[in-house]
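**Q**
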Amino acid sequence: MTTAAVALRRELVGLAGIVERNVYLTKRYFLWDVAFMVWTIANTLTIVFIARAAGLPPAKENQLATALLVGAVIWAFLGIIFEFMTETVAWERWEGTIEYTFMAPLSRSMHLGGMGAFAVLYGLIRATILFFVVAAFIGIHVPDANFAAALALLAIASVSFVGVGMMTSVLPLISPEKGAQLGFVAQGLMLVVSGVYYPVSVMPGWMQAISTISPATYAIRGCRASIIDGAPLLWSNVWPLLVIAVVSIPLGLAIFRRGERYAKKHGKLKRSG
Amino acid sequence: MSIFAAPTSFTSELRRRSPAVEVRDLRKDFLRRDRRNGRLARKRRWPALRGVTFEIARGECVAILGQNGSGKSTLVRLLSTLLLHDGGEARIFGHDAFRESRAIRRLVNRVSVEASFFKKMSAAENLSYAARFYGMTPRQTRDRIPEILERVGFPPERRNEAMEHLSRGMQQKVALARALLTSPVLLLLDEPTTGLDPRSKLEVQEFIREVRAEHDATILLCTHDMAEAEALADRVGILDRGELLFLEPVEDVKRRYGVATLEEAFFAATGRTFEEEQEDDAEREVFA
Chain S
1373 MTTAAVALRR ELVGLAGIVE RNVYLTKRYF LWDVAFMVWT IANTLTIVFI
1423 ARAAGLPPAK ENQLATALLV GAVIWAFLGI IFEFMTETVA WERWEGTIEY
1473 TFMAPLSRSM HLGGMGAFAV LYGLIRATIL FFVVAAFIGI HVPDANFAAA
1523 LALLAIASVS FVGVGMMTSV LPLISPEKGA QLGFVAQGLM LVVSGVYYPV
1573 SVMPGWMQAI STISPATYAI RGCRASIIDG APLLWSNVWP LLVIAVVSIP
1623 LGLAIFRRGE RYAKKHGKLK RSG
Chain R
92 MSIFAAPTSF TSELRRRSPA VEVRDLRKDF LRRDRRNGRL ARKRRWPALR
142 GVTFEIARGE CVAILGQNGS GKSTLVRLLS TLLLHDGGEA RIFGHDAFRE
192 SRAIRRLVNR VSVEASFFKK MSAAENLSYA ARFYGMTPRQ TRDRIPEILE
242 RVGFPPERRN EAMEHLSRGM QQKVALARAL LTSPVLLLLD EPTTGLDPRS
292 KLEVQEFIRE VRAEHDATIL LCTHDMAEAE ALADRVGILD RGELLFLEPV
342 EDVKRRYGVA TLEEAFFAAT GRTFEEEQED DAEREVFA
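Listed in order, the protein sequences are those of chains S and R.
The numbering used here puts the first residue of the first sequence at 1373, with every later residue one more than the last.
The numbering used here puts the first residue of the second sequence at 92, with every later residue one more than the last.
Below you can see the structure in the form of C-alpha cells.
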C-alpha cells in the first residue's frame, strides 16, 4: 500500500472508532433513548392533533396532519444531528476524555465525520420509528407515499445538516458554559425559516430570503411532496442541497479548526466534569 | 517477549537524529480576572510558564517537581499539542510542537491525574476506542487489549465492567494501558500516582520502570511527589511559579544546595517549604 493509502486507511479506522464508541454509548444509555423517544412521540402528537381540531373535511385533514407530521419528524431528525455534533465537544468535556481525543492523531474532518455519520444513521432510525408510530396513532393514510424518494432526499440533506452542525459544534469549544445552548438556538432559527409547520410563503419576505440558504427548506418541501403526493426525487430540491453541502462542510471544518485554535490559545480545551 | 510494538524504522530514525524533547524559552500566559476584585474586574495576563528551557535525551526519564499551579500541567499540555504557546519553542523528536502537531501526536501519549474515560463504557471498550484513533483495527486490538490489561495487573474478569464501577487505582492502570497501547516513544506522565493508595502507587511506579526498561520510551514525569521523582528519574527539576529553577541529577541538586533532601533543596531555591502554598499559587491552579 502507498503511504497515502495507509494514511487514509488509518483515518477511516479512526472514523469507524467514533461510530463504534457511539454504538457502545447508545447501548449503555438505552433507557435514556427510550425515554427521549417517548417524549418525542408525545410532543409530535401534540402538533399533529392540531389537524384534527381544524374542522377540515377528512381528505384535507389527512393532508394537514401529514404535512405537520413530516415537519415534526424532520425537526426531530435535525435535532438529533445537531445534538450529536454539539456533543462532539460538550459530551467529551463532561466525561473528561476531551484532551485524549484532541491529542490523538486523527484529522478533525474524520473526527467530525464520524460523529455526523453516526448521527445520520441513528437519526434516520428514530425518524422512521417516529413517523410510523404517530401515523398509526393518529390514523394518517398515505397511500401514494414515495418513501424511497423521501428517505433519499433526507439522506442528501443530511450532508448539509452535518456541515451546519460542524459550525455549531464549535460553540461548546469556545464557551464551555453556554455553547451547547447556543447550538439549540441555531437549530431553532434554521427550522423557523424553513417552513417546518407552514408554507415558507406565509413568512415575511426577508425570512423567505433566508429560507433559501437553509437545507431544511428543501428537505421539508421535498419530503412533504413525496409522502403526500408520491413525488419522485426532484432535482429542484436536490441541487440546492448539494450546493449547500459543498459549501457547508468545508466551511464547518474551517470554523471548527479556528475555534479549536482559539481554545488551545486560551486553555479551554480541557475537562469540566 | 515484550507486549509493546517494536519501534518502527521511522521512529528509530527520529531517535537517532535528535533529542527527544528540546524546549527553548517556552512561555505561556493566560488571561484571568483577579478574583479579589470581583466579577467585573479587568482580565490580566498571568504567566503560567516563564522562559522554560531544557532538553531530554532519548530514553531518559526526567521528573519535573512543582506545587499546584507551578505550571507542570501547562507544560505537559503544551507538549501534547493541547495548548498553543506565547513564545519560545518546543521540539519533539525534531518536530515543532506547535506547527507539526499531527506528526507529534503519533509519537506522544499521556497519563494524567484524572483517569478520563467514558464512565459507562468498559475498560476494553475505552481502550478499543482509543486504539482506533491510532489506526488499530478490531483484529489488532482483539488480542492486544487483554494482553496489555493483564500486563498492568488488571483483573481479566473485570475487563467488561463499566469504568464507573472500578476503583481509582484500577482506572489509573487502564489509563497506563491506554497510553502504552499505542507504543508512544515519548510518555508524558502528569501526576500519575496522585490519589492512589500506597499499594497501587507502588504497582504503577514499578510498571513505569518496566516500561522504560522494555520499551525504551522517553519519559517526562510531572509530579509533586519528591520521593517518586527521586526513585524514577535520571534528572529532577523544580518548576516554581512557571520558572524552571534547575534540571539535574538528584545528587547534583543536593550537592549544589548542600542539603540532604529534595524538600530542603526546594526550600533553599525558593525560600518556601514545598507544602506551603500561597494565595497566588492557589489562584494559578486554574491553569495547572
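Built from N, CA and C at the ideal position, the CB exists for glycine as well.
How would you list, in chain order, the residues of chain R whose beta-carbon sits under 8 Å from the beta-carbon of Tyr1401 of chain S?
**A** Neighbours of Tyr1401 of chain S on chain R, chain order: Lys211.
**Q** With DSSP as the reference, please indicate the residues paired to Arg123 of chain R in a beta bridge.
**A** For Arg123 of chain R, which the question treats as bridged, DSSP gives the partners R:Arg135.
**Q** Under three-state DSSP, which class holds Thr314 of chain R?
**A** Residue state, collapsed to three classes: strand.
**Q** Quick one: what's Leu279 of chain R bridged to in DSSP?
**A** Leu279 of chain R pairs with R:Arg201 and R:Leu311.
**Q** Spatial neighbours of His1513 of chain S within its chain, please: C-beta separation below 7 Å, excluding the five flanking residues on both sides.
**A** Hits under 7 Å: Asn1434.
**Q** Could you check if Lys134 of chain R is buried or exposed, using at least 16 other CB atoms within 10 Å of its CB as the buried criterion?
**A** The residue in question, Lys134 of chain R, is exposed, as its Cβ has fewer than 16 Cβ neighbours within 10 Å.
**Q** Helix or strand or just coil, what does DSSP make of Ile155 of chain R?
**A** Correct three-state label for Ile155 of chain R: strand.
**Q** The beta strand (DSSP E) that contains Asp183 of chain R, what's its start and end?
**A** Here residue 183 of chain R is Ile; the residue named in the question, Asp, does not match the sequence. Here the beta strand (DSSP E) through Ile183 of chain R covers Gly178 to Ile183.
**Q** Please state the DSSP three-state secondary structure of Gly1535 of chain S.
**A** Helix, per DSSP.
**Q** Cutting at 6 Å between CB atoms, please list the residues of its own chain near Thr232 of chain R, excluding the five before and the five after it.
**A** Once the five neighbours on either side are set aside, the close Cβ partners of Thr232 of chain R are Ser219 and Ala222.
**Q** Within the same chain, show all residues whose beta-carbon is closer than 6 Å to that of Lys163 of chain R, passing over the 5 residues directly before and after it, in chain order.
**A** Cβ within range, chain order: Ile155, Gly157, Cys313 and Leu330.
**Q** Between which two residues does the beta strand (DSSP E) holding Leu338 of chain R run?
**A** Its beta strand (DSSP E) spans residues Glu334 to Glu339.
**Q** Along chain S, in chain order, which residues have C-beta atoms closer than 7 Å to that of Ser161 of chain R?
**A** Under the 7 Å cutoff, chain S gives no residues; its nearest Cβ is about 16 Å from Ser161 of chain R.
**Q** Roughly how far, in whole angstroms, is the beta-carbon of Leu293 of chain R from the beta-carbon of Ala268 of chain R, given that I think they are within contact range, below 8 Å?
**A** No, Leu293 of chain R and Ala268 of chain R are not in contact; Cβ-Cβ is about 17 Å, not under 8 Å.
**Q** Leaving out five residues on either side along the sequence, give the residues of the same chain with a beta carbon under 8 Å from the beta carbon of Ser213 of chain R.
**A** Cβ within range, chain order: Arg250, Asn251, Glu252, Ala253 and Met254.
**Q** Decide if the segment 1453-1461 of chain S is in contact with the segment 1536-1554 of chain S; the criterion is three or more beta carbon pairs, one per stretch, under 8 Å apart.
**A** Output reads yes: the segment 1536-1554 of chain S touches the segment 1453-1461 of chain S.
**Q** Rank R:Pro246, R:Lys345 and R:Leu272 by C-alpha distance to the C-alpha of Ala308 of chain R and give the top, closest one.
**A** Ala308 of chain R has its Cα closest to that of R:Leu272, out of R:Pro246, R:Lys345 and R:Leu272.
**Q** Just confirm the distance between the C-beta atoms of Val1534 of chain S and Gly1488 of chain S, as a whole number of angstroms; I'd bet it's less than 8 Å.
**A** Right, the Cβ-Cβ distance comes to about 4 Å (below 8 Å), so this counts as a contact.
**Q** Whole angstroms are fine: how far does the CA of Arg123 of chain R sit from the CA of His34 of chain R?
**A** A question about residue 34 of chain R goes unanswered here, because the residues of chain R that appear run from 92 up to 379.
**Q** Please name the residue or residues paired with Ala253 of chain R in a DSSP beta bridge.
**A** In DSSP, Ala253 of chain R forms a bridge with R:Ser213.
**Q** So which of R:Leu311, R:Glu339, R:Val350 and R:Lys345 has the shortest CA-CA distance to Leu169 of chain R?
**A** The shortest Cα separation from Leu169 of chain R among R:Leu311, R:Glu339, R:Val350 and R:Lys345 belongs to R:Leu311.
**Q** Let me check understanding here. Comparing Cα to Cα, which of S:Ala1517, S:Gln1559 and S:Arg1393 lies closest to Trp1463 of chain S?
**A** Trp1463 of chain S has its Cα closest to that of S:Arg1393, out of S:Ala1517, S:Gln1559 and S:Arg1393.
**Q** Take Asp187 of chain R and list the residues in its own chain whose beta-carbon comes closer than 8 Å to its own, dropping the five residues that flank it on each side.
**A** Within the same chain, Asp187 of chain R has close Cβ partners Glu180 and Ala181.
**Q** Which residues in the same chain have their Cβ closer than 6 Å to the Cβ of Leu1387 of chain S, if we skip the five residues on either side of it in sequence?
**A** If we look at Leu1387 of chain S and ignore the five residues flanking it on each side, its Cβ neighbours are Met1482, Gly1485 and Gly1486.
**Q** Which residues, taken in chain order from the segment 1475-1489 of chain S, show a beta carbon closer than 7 Å to some beta carbon of chain R?
**A** Residues Met1475, Ala1476, Pro1477 and Leu1478.
**Q** Would Pro1477 of chain S and Arg193 of chain R be called neighbours here (beta carbons separated by less than 8 Å)?
**A** Yes.
**Q** Spell out whether any CB of chain R is found under 8 Å from the CB atom of His1513 of chain S.
**A** No, its Cβ sits nowhere closer than 8 Å to a Cβ of chain R.
**Q** Under 8 Å between beta-carbons, which chain R residues line up against Leu1397 of chain S? List them in chain order, please.
**A** Correct list: Phe209, Lys211 and Met212.
**Q** Leaving out five residues before and five after Gly260 of chain R in sequence, what residues of the same chain have Cβ atoms less than 7 Å from its Cβ?
**A** Contacts found: Leu287, Asp288 and Ser291.
**Q** Taking Cβ-Cβ distances below 8 Å as the criterion, which residues of the segment 180-197 of chain R are in contact with chain S?
**A** Those would be Arg193, Arg196 and Arg197, in chain order.
**Q** Helix, strand or coil for Ile1592 of chain S, going by three-state DSSP, please let me know.
**A** Helix.
**Q** If we count the other Cβ atoms within 10 Å of its Cβ and call it buried at 16 or more, is His256 of chain R buried or exposed?
**A** His256 of chain R should be labelled exposed.
**Q** Hey, could you find the ends of the beta strand (DSSP E) Val1574 of chain S is sitting in?
**A** Premise fails: Val1574 of chain S is in no beta strand (DSSP E) and is neither H nor E.
**Q** Which bits of chain R does Val1385 of chain S rub up against, with CB to CB less than 8 Å?
**A** Within chain R, the residues near Val1385 of chain S are Arg223, Gly226, Met227 and Thr228.
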